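In this note's numbering, the protein residues as written are 73 to 175. For each residue, glycine too, the CB sits at the ideal point set by N, CA and C. Every value quoted in this text rests on a predicted model; they were computed, and no experiment measured them.
Written out as structure tokens, the structure reads:
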């Protein structure tokens, strides 16, 4: 008969008790007003570009944009896209759905 020896000690350093880390949105460190310019002309255009630059450095940019599209976010910069750009995506998707439904 074979016996298996029980360990006399356990190496706790081999097990991590820390929760898995998730990427932190870069915008969390910015003034939220940066992402909600008033209008889309003049100074607001510069603000939109600044907000997009922040977004482009974020590991969550794609999921942020997808979430904004799913929720129908009408205002602000989300996932490096302005209100007008997201509206164009929604219109294009709607046209494609209609086209595919009638095909």
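Asked, Found
"Enclosing alpha helix (DSSP H) for residue 111 [first to last residue]", "Neither: residue 111 is in no alpha helix (DSSP H) and is coded neither H nor E."
"Closest by C-alpha distance to residue 97, when choosing among 162, 157, 137, 112", "137"
"Stretch-stretch touch, CB-based, cutoff 8 Å, three pairs: the stretch 129-144 with the stretch 107-115", "no"
"Cα-Cα separation, residue 121 to residue 155", "12 Å"
"Rounded distance between the beta-carbons of residue 158 and residue 145, thought under 8 Å", "7 Å"
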